[in-house]
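Letter by letter, the sequence shown follows residues -26 to -1, 1 to 320 of mature numbering (1 follows the signal peptide of the UniProt record, and there is no 0). Presented below is the structure to which this report refers.
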Amino acid sequence: MIGRWSKPFISMAFVVASLTAAPAMAQNKTLTISWWGFNGDKLEEIVLKPFRAQCGCELVFETGNNADRLNKIKIRGGGGVDVVYLTDSYSQIGIQEGLFQQVDRSKIPNINGIYEVAREPQGKFGPAYTIGRIGIIYDSAKVKNPITSWNDLWREEFKRRVSLPGITTTAGPMTVLVAASHAGVDPYKDQKAAFAALEKLKPNVVKNYNTGSELVNLFSTGEVSVAIAQDFTLAQIQAAVPTARWADLSEGDYATLNTINIAKGAANPDLAHQFINFILDPKIQQTLAQRGVDAPVATAVQLTPEEASRWTYGEKMVSSLKRVDYEKLNAAKTDWLDEWSEVFGR
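Put into structure tokens, the structure is as follows:
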């Protein structure tokens, strides 16, 4: 997700304390938010403080990574929280397991002012509040000819110069999609051919990374000069390696959407709809983008070229992104994990 390196916002101890200490009247106007908890100071200023003023409600939080938070909701049968922030891969799991309720778009008028791809990314469930992309970052000082295609990863000149995301990361499964495309096969019907293509790519791979900070370090030390990455890492890498560039790929980048859903057992669904509408407000989206928190989905947001350079921004860029069928991808992940271990685990 975008902004992952900021400090956590709030602890579960505070959540429990807030829930037990709140008087009965306040609990009737309490919104419980499940999210990552990053960029806390900025979100308090830009989103939470003004929303409290608007709703006259209390806000409590459950924080953690995608898998842990989704599992807690599953254990509680779809209850315990009102709104849930997740990447689209995990929100698809929640939808398939019946943990979320469909949203009433008549209660979210700001949804009409966001990119079409963000309005109903997974049917009638929650919208995307920010959009990212997965592509290729390379050091232009060390790469003679610009990278213009996913197929360039297989160039012989890149031997021991490439880093791939680990298969369990957000970007990892897209590596399999890229390899399948290189081999000219459907990854869900012929995964053997896809992983054979990855086997051919292996001589170029120095290391599979698992965190954004790890990738930044690989670029800054000169261990790698090419990597498949999420766009939120670009600014961090460029701070260490100013000659790093985002590749303009002829086939397009892969979209990653961060969604916000309403839990099936939400105690305050009306307040949840109000909150979703609030974070899609163009003014809020503008400020979040300008302050380096999230890429905007509201089409009314206007950024300077410098502000826009770090984000997936603008109709042209957004419309060029490749969408991922997470229902198919999630079903294939277990087999892909085994195949990945066969290629990179030896």
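Note that the Cβ used here is the ideal one computed from N, Cα and C, for glycine as well.
**Prompt:** Between the C-alpha atoms of residue 322 and Leu60, what's the straight-line distance to the nearest angstrom?
**Reply:** Outside the modelled stretch of the chain, which goes from -26 to 320, sits residue 322, for which no answer is possible.
**Request:** Look at the Cβ atom of Ile236, then the Cβ atom of Gln75, and state whether they are nearer than 7 Å.
**Result:** Taking a C-beta distance under 7 Å as the contact criterion, Ile236 and Gln75 qualify as a contact pair.
**Request:** Compare the Cα-Cα distances from Ala154 to each of Leu172, Leu138, Gly140 and Pro139 and report the closest residue.
**Result:** Leu172
**Cβ neighbours of Ala240 in the same chain (closer than 6 Å, five flanking residues each side left out)** = Asp56 and Ala246
**Asked** Does the segment 284 to 299 come close enough to the segment 120 to 127 that 3 or more CB-CB pairs lie under 8 Å?
**Response** no
**Prompt:** Taking buried to mean at least 16 other C-beta atoms within 10 Å of its own C-beta, is Gln96 buried or exposed?
**Reply:** buried
**Message:** For Phe249, report the span of its alpha helix (DSSP H) as first-last.
**Reply:** Pro243 to Ile253
**Prompt:** When you compare only the Cα positions, how much space is there between Ala272 and Asn13?
**Reply:** 20 Å
**Prompt:** Any chance the segment 81 to 88 sits against the segment 174 to 192, with 3 or more Cβ pairs inside 8 Å?
**Reply:** no
**Prompt:** DSSP state of Gln28, grouped into three classes?
**Reply:** helix
**Message:** For Ala306 and Tyr228, I'd like the C-alpha separation in whole angstroms.
**Reply:** Taking the straight line joining both Cα atoms gives about 18 Å.
**Request:** Classify Lys296 as helix, strand or coil using the three-state DSSP reduction.
**Result:** strand
**Asked** Between the C-alpha atoms of Ala218 and Gly266, what's the straight-line distance to the nearest angstrom?
**Response** 19 Å
**Item:** Buried/exposed call for Asn232, threshold 16 Cβ in 10 Å
**Value:** buried
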